[in-house]
Amino acid sequence: MSYIDADADPKEETKDEGTIPCDLPCTPGLGYQKDIFPLFNEHEIDCMNRQGLNLADYGQVKTAATEILGVVKSGVMPKGGPRWSAEMVNTFCCWIQQGCQP
């Protein structure tokens, strides 16, 4: 099931975790609670909750991680909000590379 808008075109091929190339060096030991959840603002959380994806739920974010990465990297998400910085996108990418730790 896709949680992201069907009209969105992230222009990114999703790949298995651990094989996604990140643009910047990765910080070791990234975790969902301390590093990833804080990336999401209240608008993004509310918007995605309406689409059936709870960004406050580690399991749901882990399951949709490559899809989320594609849309934040392309700028499709967040809708109506500022684009994620290159550093934010890279942190999310590195988290996927490191196995989406809690």
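The sequence shown begins at -3 in my numbering and counts up one residue at a time.
Virtual Cβ for every residue (Gly too), placed ideally from N, Cα, C.
Source: prediction; values computed, not measured.
For residue i, does the three-state DSSP call read helix, strand or coil?
i: D42; result: helix
i: K75; result: coil
i: W91; result: helix
i: F36; result: coil
i: G66; result: helix
i: D31; result: helix
Does the distance from the C-beta atom of residue i to that of residue j stay below 8 Å?
i: P98; j: Q29; result: yes
i: L26; j: N86; result: no
i: I16; j: C89; result: yes
What do you get for residue i, buried or exposed, if any count of 16 or more other CB atoms within 10 angstroms of its CB means buried?
i: G48; result: exposed
Return the residue from the list the options that minimises the CA-CA distance to residue i.
i: K69; options: T59, C43, P34 and W80; result: W80
i: C43; options: A82, C22, T23 and K75; result: K75
i: M84; options: C22, T23 and L35; result: L35
Under the assumption that residue i contacts residue j (Cβ atoms under 8 Å), give the Cβ distance between them as a whole number of angstroms.
i: W91; j: I41; result: Going by Cβ atoms, the distance from W91 to I41 rounds to 17 Å, so no, they are not a contact pair.
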